[in-house]
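Notes for the one structure printed next.
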Amino acid sequence: MGLFLQLLTRGIITGSLYALLGVSWGIIYNTTRTFHFAHGFIYTFASYSILVFTWMSVPLIPSLLLGLFTATLAGCAVEYFAYLPMRKKSASQLSIFLTAMGIMIAGQSLIHLVFGPDSRPLEGFPEHVISLGTVTFTTVDLFTVLLCWIVIVCLFAFLGHTKAGMMIRAVSSNPEKATFIGIDSRRIFVLVFGIGSLLVGIAAFLSTIDKPATPNIGLGALLISFITVFLGGVGRLGGAVLGGIILGIAESLVIMVLPTEYKMMVIFLILFLVVLIKPEGLLGKKIA
């Protein structure tokens, strides 16, 4: 029982981070229907941006804010200078996807070229062990869970109770009707890319204070991001949250019966089974 509780706790910690990754990609995909493969590059870019500012002797919190700002700008730039011109030319989704993949590969290669292949830890965050009976976690774990859920709650409050949030929901549910009533979908697209990039930057920060950054960390984050979205149901950010929690707990508990190297296999198996049984995702609606 002690091992189960410890693994369950670890799963909730990991799942909270996965949920944040899911909504960061989900708000972009649900609104724009763009398979934003370059999201993984923004994740890596955010980690290294924060690291660079700390190397310049900027304190941790200002470094975080500056890193998130640059990551947000980078996400908006990808939409404005890459995807938007292609949409204006009525480019196919495949062309946009290939462009996104190119940005991802080129961006991570550039980071590898500039910073090298070595892992880079983010120092300055106090880490202490907390024990509650048989369950042990750290202050970093506690901070990760709290910040993830604060950010997720704030996102849902923003979408549900602000004018900008309601416009995002309108474009997401019916782009043509939203345009007809006067909503500029192009501006909304840039906005959601900024929001999604800000959120993935926060996730990157939380990951980097726990594990050192490497130039290829973005691919794993990207995979988790879209798996949680499709697992929970496209069009439902709540589904991405649920998908993240399920994946985090499953990934943690699987080591009770399988070696750790099978974690990704289990994640894809869960996605396959859900899509096979409920193609629209756990919280998605069937299309008549």
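Numbering of the sequence shown is given in the working numbering, commencing with residue 850 and proceeding in unit increments.
Just so you know, even glycine gets a beta-carbon here, dropped at the ideal spot from N, CA and C.
Output the distance between the C-alpha atoms of residue i and residue j, rounded to the nearest integer angstrom.
{"i": "Glu1025", "j": "Leu1091", "result": "29 Å"}
{"i": "Val1020", "j": "Ser1034", "result": "7 Å"}
{"i": "Leu852", "j": "Phe930", "result": "50 Å"}
{"i": "Leu1068", "j": "Gln855", "result": "28 Å"}
{"i": "Val1124", "j": "Gly1093", "result": "16 Å"}
{"i": "Pro911", "j": "Phe974", "result": "13 Å"}
{"i": "Thr883", "j": "Ile945", "result": "8 Å"}
{"i": "Leu1047", "j": "Ile999", "result": "14 Å"}
{"i": "Leu981", "j": "Thr987", "result": "11 Å"}
Taking DSSP's pairing of strands, which residues face residue i in a bridge?
{"i": "Thr988", "result": "Bridge partners of Thr988: none, in fact."}
{"i": "Leu981", "result": "Val984"}
{"i": "Ala1062", "result": "Arg969"}
Here's the rule I'm using: 16 or more other beta-carbon atoms within 10 Å means buried, otherwise exposed. How should residue i be labelled?
{"i": "Trp1197", "result": "Because the chain here runs from 850 to 1137, residue 1197 falls outside it and cannot be looked at."}
{"i": "Ile815", "result": "The structure shown has nothing for residue 815, since the chain only spans 850 to 1137."}
{"i": "Asn1085", "result": "Correcting the residue identity first, residue 1085 is Arg in this sequence and not Asn. Flag for Arg1085 reads buried."}
{"i": "Val994", "result": "buried"}
{"i": "Gln957", "result": "buried"}
{"i": "Val978", "result": "exposed"}
{"i": "Ala1029", "result": "The sequence given here has Phe at residue 1029, not Ala. By the neighbour-count rule (16 or more Cβ atoms within 10 Å), Phe1029 is not buried but exposed."}
{"i": "Asn879", "result": "buried"}
{"i": "His885", "result": "buried"}
{"i": "Met1105", "result": "exposed"}
{"i": "Ala1052", "result": "buried"}
{"i": "Ala955", "result": "exposed"}
If I'm right that residue i touches residue j with Cβ under 8 Å, what's the distance once you round it to whole angstroms?
{"i": "Ile952", "j": "Val989", "result": "About 31 Å; that fails the 8 Å criterion."}
{"i": "Ser898", "j": "Thr919", "result": "5 Å"}
{"i": "Leu900", "j": "Leu1008", "result": "That belief does not hold up - the Cβ atoms of Leu900 and Leu1008 are roughly 31 Å apart, past 8 Å."}
{"i": "Leu1004", "j": "Val872", "result": "6 Å"}
{"i": "Ile1119", "j": "Leu1102", "result": "That pair is no contact at about 12 Å."}
{"i": "Gly889", "j": "Gly1043", "result": "17 Å between Cβ atoms; not a contact."}
{"i": "Val1115", "j": "Ala1099", "result": "6 Å"}
State yes or no: is the C-beta of residue i within less than 7 Å of the C-beta of residue j?
{"i": "Tyr892", "j": "Ala1070", "result": "yes"}
{"i": "Leu1040", "j": "Gly1087", "result": "no"}
{"i": "Ile1066", "j": "Leu870", "result": "no"}
{"i": "Ser968", "j": "Thr1109", "result": "no"}
{"i": "Gly1050", "j": "Ala895", "result": "yes"}
{"i": "Leu1055", "j": "Leu917", "result": "no"}
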